[in-house]
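Working notes, structure below.
Numbering (the working numbering), first residue to last: -18 to 229.
This is how it looks when you write it as structure tokens:
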């Protein structure tokens, strides 16, 4: 089977697909001793099971998608970057010089003490250094010309409604930025909740599993002046989350 990461130039297409995925199992939820020794307790890596689940999910997508992924865009948090690396590997890897991977601050965790239990004392110093983050992705795959939709992290104390508005904005902005490409976006549990709520008319999620994902699709019509028109995103399918009983 050929790779689902396409190296050929993306051609105008009638439908655009976007897969939004949560990261795999995070270390601090499975190894109690990790937190007390961590230099960056707010940015845990994947647990061993998180690596294996991420790879399996990538294999599942490779078998089931039926279309290529042209670009992988990732939250700067380490657990998301490691998830992206495993998923891309399972998708048959992004070959060198494909420029298909990017870091996007707008996909980051909800920025408050509900989602980030052990933040740094100085809320302006998170230590996210882009070259170091990019080095965790497969060599030769980072897009050097990528301009993030959000140029910096959110302001600390972000509300749930503000975070969901951010996720909605970044999904639409990334899709519009690459209208002829299919995207894989690696984010956090709240990002999945926001995606479902936005594109399933306010539907609420009771539980989000690690590596849960939702597949979105919209019609895109190229125009002769190099612009395009696009329809609304529909939820085509989903995996790994439970809807609230009152929404079932």
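By construction, the Cβ of each residue, glycine as well, lies at the ideal position given by its N, Cα and C atoms.
- In this structure, residue 154 keeps its C-beta atom at 7 Å or more from the C-beta atom of residue 123.
- An exposed status is given to residue 140, since fewer than 16 other beta-carbon atoms sit within 10 Å of its beta-carbon.
- Looking at the DSSP output, residue 201 sits in a beta bridge with 211.
- For residue 82 and residue 149, the gap between their C-alpha atoms comes out near 20 Å.
- Residue 151: member of the alpha helix (DSSP H) spanning 141 to 158, first to last residue.
- Between the beta-carbon of residue 5 and that of residue 64 there is about 5 Å, and that keeps the pair under the 8 Å contact cut.
- DSSP places residue 177 within a helical segment (H, G or I) once states are collapsed to three.
- In this structure, residue 50 places its C-beta atom within 7 Å of the C-beta atom of residue 165.
- Judged by their CB atoms, residue 186 and residue 55 are not nearer to each other than the 7 Å cut-off.
- In the DSSP assignment, residue 62 falls within the alpha helix (DSSP H) that extends over 59 to 71.
- A distance below 7 Å separates the beta carbons of residue 8 and residue 28.
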